[in-house]
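Data first, discussion second: the structure below is written as structure tokens.
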Amino acid sequence: PARFSFAPDVAVEVLSPANKPRDLLKKVQTYLKYGTRQVWVVDPDERVVDVYSPMPDGALKLLTVPAGGTLTGGEVLPGFAHAISDFFPPPGP
Numbered sequence: 113p114a115r116f117s118f119a120p121d122v123a124v125e126v127l128s129p130a131n132k133p134r135d136l137l138k139k140v141q142t143y144l145k146y147g148t149r150q151v152w153v154v155d156p157d158e159r160v161v162d163v164y165s166p167m168p169d170g171a172l173k174l175l176t177v178p179a180g181g182t183l184t185g186g187e188v189l190p191g192f193a194h195a196i197s198d199f200f201p202p203p204g205p
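Take the position in the sequence shown, starting the count at 1, then add 112; the result is the number in our numbering.
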């Protein structure tokens, strides 16, 4: 917040083995606190995307889009729609 005077509409985080759940949740909350409208957390191991949005009461809304689903931008990115399976390489043998 000290370096920027705006927040992105969408922030994307890709999980790595070093990510701790508590730290990741804190990062999501920070994005939303400063005005980001959605945070997408991509989990390459599970092949899902968790979409976090702020609720009017300050709570977090979480929508998990599974591997067979489609990620949409909703009101934040109108017209954006992409199959989750396209984000990941095909599973190995």
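Idealized CB from N, CA, C, for every residue including glycine.
Reduced DSSP category for L136 - H, G, I as helix; E, B as strand; rest coil: Position 24 of the sequence shown, counted from the start, is the residue given in the question as residue 136. Note: L136 maps to helix in three-state DSSP.
Cβ-based neighbour list, V122, same chain, cut-off 8 Å, excluding 5 preceding and 5 following: The sequence position of residue 122 within the sequence shown is 10, counting from 1. Closer than 8 Å at Cβ, skipping near neighbours: T148, R149, Q150, V151, W152, G185, V188 and L189.
Distance between K145 and P120 (C-alpha atoms, nearest Å): Position 8 of the sequence shown, counted from the first residue, corresponds to residue 120. Position 33 of the sequence shown, counted from the first residue, corresponds to residue 145. If you take the alpha carbons of P120 and K145, they lie about 12 Å apart.
Which listed residue (I196, E158 and Q141) has its alpha carbon closest to that of K173: For the purposes of this step, residue 173 is taken as residue 61 along the sequence shown, with counting starting at 1. Taking only the C-alpha atoms, the option nearest K173 is Q141.
Three-way DSSP call (helix, strand, coil) for Y143 in this model: Here residue 143 refers to the residue found at position 31 of the sequence shown. Helix, per DSSP.
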